[in-house]
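Following the numbering used here from start to finish, the sequence shown increments by one per residue and tops out at 695. Below: one structure, written as structure tokens.
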Amino acid sequence: MSYMTTPAEENQPLLQQNSRNNRRKRVIILIALVIGITGIGGGLIGLPFVRLIEDAICQEYYASKPGRAEGSVSLFGVDEAHCKVDAVQSRLAYILAIQEMLDAIADLLAPTLAASLMTISPWLPFIIGISAMTFAMLLTILIPETYHTRTQTAFLASEASHEVQPKDSGILQQFGQITAMFKSRSLCLIFISFVGEQLILKNSAFAMRYVSKRFSWPLSRFGYFMSVRALVGILVYLLILPRLSSFIQHKFALTSLCRDLTLARMTGTVLVAGLFLAAGPTLGCVLAGLLLVTIGSSSTTICRSIAAHFVDERHVASMYTFLNLLNTAGAILASPLLASTFVLGMKWGRDWQGLPYLCLGFLGTISTTALFLIRQSTSRTEEAATGEH
């Protein structure tokens with residue numbers, strides 16, 4: 307007996323495929339919307355958070371000064387122009403350094419704890435920011451389950467591979483894999499460069515306090531400059547880096563490792579130039595330096611790609627785990643370093659207020675020098691040596 311298929315049955319696989327494609331698009335759009343709204347909410351919180359703390363310190367400071375200037379207090383607190391004195395800014399630097407350090411520790415222990423600490427404020431920008439993030443989280447309810455059951459063949463293959471492989475010892479084994487990476491000279495140089503750059507890149511929140519204090523800029527005005535920095539960052543990642551990478555690889559016929567090293571060294575050099583420029587004496591010099599720092603910050607992303615060339619596929623996850631630990635360590639160390647050098651610079655006088663960026667420039671020089679010391683010809687040898695562990 308022969309069976310005839312109807313047109314409806316013939317079209318069924320095509321309809322199922324179209325349905326899956328539409329579902330996939332909806333998931334991608336929802337996730338992008340969640341990320342976008344969360345980012346906007348976080349951006350709304352940053353500037354007013356610093357200004358509110360500064361205003362609270364300022365009110366307390368002038369309350370203890372019986373001879374404070376008339377007109378310094380308004381309906382919204384102390385006039386911001388009166389809050390740029392060294393006593394207020396020193397205390398603000400230490401408070402925010404402690405806050406940023408605690409945030410980094412919270413990120414290490416529990417991201418939910420860091421999120422809950424950000425919700426304490428009655429002011430409008432905070433309400434908008436928190437509401438936006440809450441709305442973004444509610445959108446995740448609409449995201450459907452995308453995990454599909456594997457075929458029986460894949461399942462059996464996975465089961466067989468689990469039976470053959472011996473059980474690992476969990477944390478001890480991963481610790482051993484990370485320790486083995488230190489036998490690679492190039493990986494050690496990458497780690498040095500990475501942790502140095504992480505210390506440097508934690509200066510974003512500090513930059514607005516630095517410019518506001520040094521040049522008596524209102525924090526609200528610095529918000530416009532932050533938007534320009536964000537635009538520059540988008541252009542770097544979406545246009546400049548991809549095209550520069552393609553040009554270098556095709557023009558000079560380089561391997562992927564040589565290309566990544568070249569890009570990392572170039573962006574690292576730009577980063578160092580920006581840091582020393584940010585310690586300059588004029589506002590234009592400082593703002594130009596901060597823009598160069600934004601451009602050079604892409605070197606951290608490239609360092610991750612370079613590190614992958616020096617480990618085999620089995621140890622890539624352990625390597626990224628260690629880089630994340632270095633990221634957290636950089637966040638913890640950066641805040642007290644910036645705060646202490648900022649206060650020290652104010653004590654030494656106006657000419658030394660760029661001390662934090664001089665120190666960051668020195669760290670950036672060490673990080674970039676480490677990138678120039680990496681030997682391209684040893685990647686396969688070191689990968690093989692790392693893979694033995």
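Even glycine gets a Cβ: it sits at the ideal position worked out from N, Cα and C.
Under a CB-based cut-off of 8 Å, is residue i close to chain B?
i: isoleucine 506; result: Absence of chain B from the displayed structure is noted, only one protein chain being present.
Suppose you measure from the CA of residue i to the CA of residue j; what does that come to, to the nearest Å?
i: leucine 596; j: arginine 329; result: 42 Å
i: serine 518; j: aspartate 618; result: 47 Å
i: threonine 452; j: glycine 342; result: With a pLDDT of only 40 at threonine 452, under 50, the local geometry of the prediction cannot be trusted, and the value read off the model is given with reservation. So the two alpha carbons sit approximately 21 Å from each other.
i: glycine 636; j: serine 624; result: 18 Å
i: arginine 681; j: serine 499; result: 14 Å
i: glycine 655; j: leucine 598; result: 26 Å
i: alanine 362; j: isoleucine 546; result: 42 Å
i: histidine 615; j: valine 622; result: 9 Å
i: phenylalanine 525; j: phenylalanine 512; result: Note that residue 525 is leucine in the sequence shown here, rather than phenylalanine. One C-alpha to the other measures close to 12 Å.
i: serine 603; j: alanine 570; result: 10 Å
i: glycine 651; j: proline 587; result: 13 Å
i: leucine 336; j: alanine 676; result: 41 Å
i: lysine 653; j: serine 562; result: 48 Å
i: lysine 331; j: leucine 544; result: 21 Å
i: methionine 514; j: phenylalanine 582; result: 17 Å
i: tryptophan 658; j: phenylalanine 648; result: 9 Å
i: alanine 640; j: cysteine 364; result: 25 Å
i: proline 548; j: isoleucine 554; result: 10 Å
i: proline 354; j: leucine 589; result: 22 Å
i: glutamate 732; j: alanine 594; result: For the chain, the structure presents residues 307 to 695; residue 732 sits outside this window and is missing.
i: serine 552; j: serine 611; result: 15 Å
i: lysine 371; j: serine 522; result: 21 Å
i: glycine 667; j: glycine 580; result: 8 Å
i: cysteine 389; j: tyrosine 530; result: 20 Å
i: asparagine 630; j: phenylalanine 497; result: 11 Å
i: valine 356; j: methionine 532; result: 14 Å
i: tyrosine 663; j: valine 333; result: 43 Å
From the DSSP output, in three-state form, read off residue i for me.
i: tryptophan 523; result: coil
i: methionine 424; result: Residue placement at methionine 424 is flagged as unreliable, the pLDDT there being 44, under the threshold of 50; a coordinate-derived value is accordingly withheld.
i: alanine 579; result: helix
i: glutamine 555; result: helix
i: proline 587; result: coil
i: glutamine 365; result: helix
i: valine 617; result: coil
i: glycine 574; result: helix
i: serine 603; result: coil
i: isoleucine 680; result: coil
i: glycine 696; result: Examination of residue 696 is not possible in this model, given that the chain is present from 307 through 695 alone.
i: leucine 661; result: helix
i: threonine 675; result: helix
i: glycine 502; result: helix
i: glycine 655; result: coil
i: aspartate 706; result: Only positions 307 to 695 of the chain appear in the structure, and residue 706 is not among them; the question remains open.
i: threonine 561; result: coil
i: serine 518; result: helix
i: serine 611; result: helix
i: serine 325; result: helix
Is residue i buried or exposed, if buried means 16 or more other CB atoms sit within 10 Å of its CB?
i: aspartate 566; result: buried
i: histidine 556; result: exposed
i: glutamate 366; result: exposed
i: threonine 600; result: buried
i: arginine 326; result: exposed
i: phenylalanine 678; result: exposed
i: leucine 537; result: exposed
i: leucine 541; result: exposed
i: alanine 460; result: Because the pLDDT of alanine 460 is 41, which lies under 50, any placement of that residue in the model is unreliable, and the number read from its coordinates should be weighed accordingly. Its Cβ having fewer than 16 others within 10 Å, alanine 460 is exposed.
i: leucine 507; result: buried
i: arginine 527; result: exposed
i: alanine 613; result: buried
i: phenylalanine 628; result: buried
i: valine 394; result: buried
i: isoleucine 672; result: exposed
i: valine 534; result: exposed
Contact between the region 641-652 and the region 572-579 (3+ Cβ pairs under 8 Å):
no
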